[in-house]
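What follows is a single structure, written as structure tokens, with notes after it.
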Amino acid sequence: SHHVTLLMTFSPKLGGKDRRSGLILTIPLCLEQTSMDELSVTLDYLLSIPSEKCKARGFTVIVDGRKSQWNVVKTVVLMLQNVVPAEVSLVCVVKPDEFWDKKVTHFCFWKEKDRLGFEVILVSANKLTRYIEPCQLTEDFGGTLTYDHMDWLNKRLVFEKFTKESTSLLDELALINNGSDKGSQQEKERSIDLNFLPSVDPETVLQTGHELLSELQQRRFNGSDGGVSWSPMDDELLAQPQVMKLLDSLREQYTRYQEVCRQRSKRTQLEEIQQKVMQVVNWLEGPGSEQLRTQWGIGDSIRASQALQQKHEEIESQHSEWFAVYVELNQQIAALLNAGDEEDLVELKALQQQLSDVCYRQASQLEFRQNLLQAALEFHSVAQDLSQQLDGLLGMLCVDVAPADGASIQQTLKLLEEKLKSVDSGLQGLREKGQSLLDQISNQASWAYGKDVTIENKENVDHIQGVMEDMQLRKQRCEDMVDVRRLKMLQMVQLFKCEEDAAQAVEWLSELLDALLKTHIRLGDDAQETKVLLEKHRKFVDVAQSTYDYGRQLLQATVVLCQSLRCTSRSSGDTLPRLNRVWKQFTVTSDERVHRLETAVAFHSSAEKILQECPEQPEAFNDVEQFDEIEAVGKSLLDRLTVPVVYPDGSEQYFGSPSDMASAAEHIREKMKLVSLKKQQLRQPEATTPDS
């Protein structure tokens, strides 16, 4: 930065060529006092830039003294012999117009020519073209050479910065690369542990170098302003191979450095993976396994099993975080295996296998525990449902049966059977769930981590077997009670059936009585027909007797059933008096019917006997009493037809309708008339005999 400041202050230029192809050094001087030391340093720096080949061709120096004093110009000229590191062929001092004493100045430099070793001439700016070609002079000296000092200064600054940074970077990269190439594993580890990084970004330095090289090449072939192709300074031509050489070295070292970084990154990544793998393994085999060691119970109820499941879910949640790390690590290891070196494959595969074994073992243990708790929850759920069913069945059995009829009893009995069947099914399901749970518990020792779980298993097994035995006993008690209740309900069904059939017998007997009164009216037209009616009536009475006996037997059975059931029948007490009352009415009515039919048989038989006697045998009808008897029987029968049947309770009932009775009476009267006419016919001969 100090050299840059001096170059900006003095603005010396090293550009253009003289007629011997030597470089032209232009030193502009100003009015301010010039520090010779600083100017000397500046010129030393500037003249150190050209190559030795360029320096060997010598220099032409232009000292621009137009804005300076003579003594300053003289001092600068004298200083050149110590500053310029090669032959100076000519020093042109550009003098101001009408200034300085020509004789003095010319004489002074002429005297010093031998000591200086070069010729010094004073010349006006417009006369410089006599010594130097115009194309090699800048515009301020009347030439056509285009030169931008600030542009050159900036490019030089970029070049030196690149040179400095690249040289330093090359040293650093060489140190890093050489350190990584050492054979000692200890030194490798030490270099990795140092984690030494370059002080500057290699990519940035390379980009700067490429841009600088591109700029130098563009200026070389296109000119600074796009005009005539020229080179203001040979240093730019010299800079190109320097930049190219540095870039080549940088690329080579940077490529090696990238490989070192890749190896270092791979090693670092491998160590990080190994560290994470051990973290996962240590947690799963440590705290994770300890959590599972403490969880062996299955609970004694649904709520207890659910609490254990919730606790297990918390354990699973903690494990899932480590399983997520396992998945990530497994992916990283797989990626390294695909792109890894042969020397890392064995270590990576060993890590992967160790991690997978531990994780899968722990996941299997978690799954086993979850399945065990789920089986326990299902077992307790079935046990609770079965217990509720047994409670409901027991509740039904403890309530006294008071059904309204046989249908409701049958419905209740059906419901009892369904509940008992449901209990059987529930108990079977409980046994299946219990056996499945016992089978799982028997396998629990394989996950015991070397711990003796006999005590825990025995408690669980005893609990499961105890629940199943208790349910079996409760179910057996309910079955026994159902058997008793079934017998009682069947007896009640029989009781209701007996009462219903007894009531039906009463109805049937009432219907027989009604039929007897309303339809059994005819007395027959002759003795034969009346005898047939009498025979039919006896059979009719036999049916009624059977019906009455059937009703009596049913009512006796209800008494026995009521005594067995220890209950009072609600209908038998009313049915028996009704049965007896209807039977009494029937027997009275039947007796009356028999009496009428027997009277009718006697009437028809006597009347038919008289009416069938031959008139030639009148002696057979001499008995007047016989006619009187027939007439008396007929009248008695007619009177009987008009009399109602009187029941024991005093009520009365007539056979048939009045017209029916009138028709029967009319038929009897017709026959009585025939008998009376017969009687008269028999008496007439008797009356005429004395007269003859």
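Under UniProt numbering, the sequence shown has 566 at position 566, and the numbering climbs by one with no breaks. Each residue gets a CB set at the ideal place from its N, CA and C atoms; glycine is no exception. Here the structure is a predicted model, which means the values were calculated and not measured.
{"Asked": "Whole-number beta carbon distance between Leu31 and Ser68, since they are thought to touch under 8 Å", "Found": "7 Å"}
{"Asked": "For Cys92: DSSP bridge partner residues", "Found": "Ile62, Ile121"}
{"Asked": "Status (buried if at least 16 other CB within 10 Å, exposed otherwise) for Cys478", "Found": "buried"}
{"Asked": "Buried versus exposed call for Thr294 [16 or more other C-beta atoms within 10 Å across all chains shown]", "Found": "exposed"}
{"Asked": "Any 3 or more C-beta pairs closer than 8 Å across the stretch 422-441 and the stretch 497-505", "Found": "no"}
{"Asked": "Alpha helix (DSSP H) segment containing residue 745, residue limits", "Found": "The structure shown does not extend to residue 745, since the chain is modelled only from 1 through 692, so no value can be given for it."}
{"Asked": "Segment contact, 8 Å Cβ cut-off, at least three pairs: the stretch 239-256 with the stretch 323-336", "Found": "no"}
{"Asked": "Helix, strand or coil at Gln69 [DSSP, three-state]", "Found": "coil"}
{"Asked": "First through last residue of the alpha helix (DSSP H) which encompasses Lys531", "Found": "527-565"}
{"Asked": "Glu133, DSSP secondary structure in three states", "Found": "coil"}
{"Asked": "Assigned secondary structure, Gln428 (DSSP; H/G/I helix, E/B strand, else coil)", "Found": "helix"}
{"Asked": "Own chain, CB closer than 6 Å to Glu87, minus 5 neighbours either side, in chain order", "Found": "Gly58"}
{"Asked": "Straight-line gap, Phe159 to Ala350 (C-alpha atoms, nearest Å)", "Found": "53 Å"}
{"Asked": "Residues that DSSP places opposite Lys17 in a beta bridge", "Found": "Leu23"}
{"Asked": "Buried or exposed by the 16-neighbour rule on C-beta atoms within 10 Å, applied to His520", "Found": "buried"}
{"Asked": "Three-state class that DSSP yields for Ile192 in the structure shown", "Found": "Interpretation of Ile192 is limited by its pLDDT of 44, a score under 50 that renders its predicted location unreliable; the figure taken from the coordinates is listed afterwards. Here Ile192 sits in helix by DSSP."}
{"Asked": "Contact set for Leu212: own chain, Cβ-Cβ below 7 Å, skip 5 residues either direction", "Found": "Val158, Phe159, Phe162, Val243"}
{"Asked": "Cβ-based neighbour list, Pro134, same chain, cut-off 7 Å, excluding 5 preceding and 5 following", "Found": "Gly142, Gly143, Thr144"}
{"Asked": "Distance CB(Gln491)-CB(Leu565) smaller than 8 Å", "Found": "yes"}
{"Asked": "First through last residue of the alpha helix (DSSP H) which encompasses Thr42", "Found": "36-47"}
{"Asked": "Where the alpha helix (DSSP H) containing Lys635 begins and where it ends", "Found": "624-642"}
{"Asked": "Spatial distance of Gln384 from Thr412 (CA atoms)", "Found": "25 Å"}
{"Asked": "The stretch 301-315 / the stretch 377-393 touching (three or more Cβ pairs under 8 Å)", "Found": "yes"}
{"Asked": "Residues bridged to Val645 (per DSSP)", "Found": "Gln653"}
{"Asked": "Nearest-angstrom beta carbon gap, Val91 and Val123 [assumed within contact, 8 Å]", "Found": "Not really, about 10 Å apart at Cβ, beyond 8 Å."}
{"Asked": "Buried/exposed call for Leu466, threshold 16 Cβ in 10 Å", "Found": "For the record, residue 466 in the displayed sequence is Gly; it is not Leu. With fewer than 16 other Cβ atoms within 10 Å, it is exposed."}
{"Asked": "Span of the alpha helix (DSSP H) around Val327", "Found": "302-339"}
{"Asked": "Under the three-state DSSP convention, the category Leu345 falls into", "Found": "helix"}
{"Asked": "Alpha-carbon spacing of Leu516 relative to Ala665, whole angstroms", "Found": "18 Å"}
{"Asked": "Beta-ladder partner(s) of Thr255, from DSSP", "Found": "According to DSSP, Thr255 bridges with nothing at all."}
{"Asked": "Rounded separation between Tyr131 and Ser166 - CA only", "Found": "42 Å"}
{"Asked": "beta-carbon Leu29 near the ligand NAP non-hydrogen atom, thresh 7 Å", "Found": "Among the components of this structure there are no ligands whatsoever, and the ligand NAP is therefore not found."}
{"Asked": "According to DSSP, residues forming a beta bridge with Leu250", "Found": "Note: Leu250 sits in no beta bridge, so no partner."}
{"Asked": "Leu31 in three-state terms, based on DSSP", "Found": "coil"}
{"Asked": "Cutoff 8 Å; reference Leu329; Cβ partners in own chain excluding five residues on either side", "Found": "Ile273, Lys276, Val277, Val280, Leu355"}
{"Asked": "Pick from Arg20, Trp508, Val594 that is closest to Gln136, judged by C-alpha positions", "Found": "Arg20"}
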